[in-house]
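Peer 1: Residue numbers (full-length UniProt numbering): 1 to 320.
Positions of the beta carbon are idealized from the N, C-alpha and C atoms, including for glycine.
The structure is given below, and queries will be raised subsequently.
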Amino acid sequence: MRAMQFERFGGPEVLRKAEVPDPVAGPGETLVEVEAAGVNFGDIKQIAGEQPDGPYAPKGPLPRIPGLEVVGRTPDGRRVLGYVLQGGYAARTVVPDRDLVALPDGVSAGEALALLVQGLTAWHVLRSVARIRPGESVVVHAAAGGTGSLAVQLAREFGAGRVIATASSEEKRAFALELGADAAVDGDAEDYKERVLDANHGRPVDIILDAIGGPVLDSALDTLGYLGRLVTYGSSSRQAASALAPSRLAVENIGVAGFWLIPLLARNGAGGPALEELLDLTARGRLRPLVGTEYDLARARDAHEDLLARRTKGKLILRP
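Next comes the structure, spelled out in structure tokens:
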């Protein structure tokens, strides 16, 4: 079958076209004919050999086929979405049954793939970690991104009283408003507090979802109200925050929690009520996943280069 694989660790240049034997499903697994595979930063970590003992680490000797998520059909004709630790960049792959979910009618491959990692992250930071309550104010950083754009919509769906988006450009802020944010402001750390409090009618906020870290996280803490919660689920700034003294959290009665989806998937599997709800909301038109560029499978290297260069918008997919 057709696949993309790597024989050594490195950057996008190590990806190569290959013809490899079809995989064979074992007990508790299902063979899937791949319609589309999602592209993630986790794939880039796989081929770079980062975190060799971590949740992204593929198993077995080189060469390996990367890819964490696929949409396709089972031998009995079901159209499914599946999470795999490796093997997605291929015409066929095997998926653990607990990580396989049937796709409802009306959900495209790109929409489904956007929901698996980014959608589940947005769902869990709001529901499982922040434990959003009706009427609360929610600030979403990087609101035009894959996870942020879904978090804006889900916050509204889950009953937020006011949703405030932050983004780096007028175009991105306009997009966040289109998705349902009540206000959208510049997310820069300088004068962050003034802009966010003004967007919340002068009141402190209840929940902040942060994937930026560094000075932005420090500034965001200053806007939390009594029993406010900040959830950090990334650090795109690659800078450390400096204001997380435990004494400050206690004195101001605020909380900071972290979330990373991959250990949750390793423990519980991808299937379950959260993903089913996301797919149902999408099928009914209440949730709009952001779908980006499609590439032929043979152009996986181009997709990785574009992702690393920040030339992309929305979920990138490969078509085998």
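#1: If you run the structure through DSSP and keep just helix, strand and coil, what is Arg229?
#2: Roughly how many angstroms lie between the CA atoms of Phe259 and Gly234, to the nearest whole one?
#3: Is there a Cβ from chain C that is less than 8 Å from the Cβ of Val84?
#4: Using 8 Å as the threshold, is the segment 254–270 in touch with the segment 96–112, meaning 3 or more CB pairs across them?
#5: Would His304 be called buried (16 or more neighbouring beta carbons within 10 Å of its own) or exposed?
#6: Run the CB neighbour count on Arg229, radius 10 Å, all protein chains shown included, and call it buried at 16 or more, exposed below.
#7: Buried or exposed: which applies to Glu35, given that a residue is buried once 16 or more other Cβ atoms fall within 10 Å of its Cβ?
#8: How big is the Cα-Cα spacing for His141 and Ala270?
#9: Hey, out of Gly225, Ala176, Gly272 and Ile47, whose CA is closest to Val251's CA?
#10: Consult DSSP for Ile212 and reduce its assignment to one of helix, strand or coil.
#11: Quick check: does the Cβ of Ile164 come within less than 7 Å of any heavy atom belonging to the ligand PLP?
#12: Which of the three DSSP states is assigned to Gln86 in this structure?
#13: Below 8 Å between beta carbons: does that hold for Leu287 and Ala300?
#14: Do you know offhand how far Gly42's Cα is from Leu68's?
#15: Per DSSP, Asp186 is paired with what?
#16: Spell out the partners DSSP gives Tyr295 in its beta bridges.
#17: When burial is assigned at 16 or more other CB atoms within 10 Å of the CB, is Ser219 buried or exposed?
#18: For the segment 129–145 against the segment 100–117, are there 3 or more C-beta pairs whose distance is under 8 Å?
#19: Report buried or exposed for Asp206, applying the criterion of at least 16 other Cβ atoms within 10 angstroms of its Cβ.
#20: Nearest to Ala3 by CA position, among Lys313, Lys315 and Ala298, is which residue?
#21: Within 10 Å of its beta-carbon, does Leu227 have 16 or more other beta-carbons around it, so buried, or fewer, so exposed?
#22: Rounded to whole angstroms, what is the Cα-Cα separation between Leu81 and Phe6?
#23: Between Ala37 and Tyr89, which are expected to be in contact by the criterion C-beta below 8 Å, what is the C-beta distance as a whole number of angstroms?
Peer 2: Once the coordinates are examined:
#1: strand
#2: 8 Å
#3: Going by chain labels, chain C is absent from the structure shown, which holds only one protein chain.
#4: Three or more Cβ pairs closer than 8 Å define a contact, and the segment 254–270 meets that threshold against the segment 96–112.
#5: buried
#6: It is buried - the Cβ of Arg229 has at least 16 other Cβ atoms within 10 Å.
#7: By the neighbour-count rule (16 or more Cβ atoms within 10 Å), Glu35 is buried.
#8: One C-alpha to the other measures close to 25 Å.
#9: Gly225
#10: coil
#11: This structure lacks the ligand PLP, and indeed carries no ligand of any kind.
#12: coil
#13: no
#14: So the two alpha carbons sit approximately 8 Å from each other.
#15: Ala167
#16: Per DSSP, the beta bridge partners of Tyr295 are Leu318.
#17: Residue environment for Ser219: buried (at least 16 other C-beta atoms within 10 angstroms of its C-beta).
#18: Verdict: no, contact absent.
#19: buried
#20: Ala298
#21: exposed
#22: Distance between the alpha carbons of Leu81 and Phe6 is about 24 Å.
#23: With a contact defined as Cβ atoms closer than 8 Å, Ala37 and Tyr89 qualify at about 6 Å.
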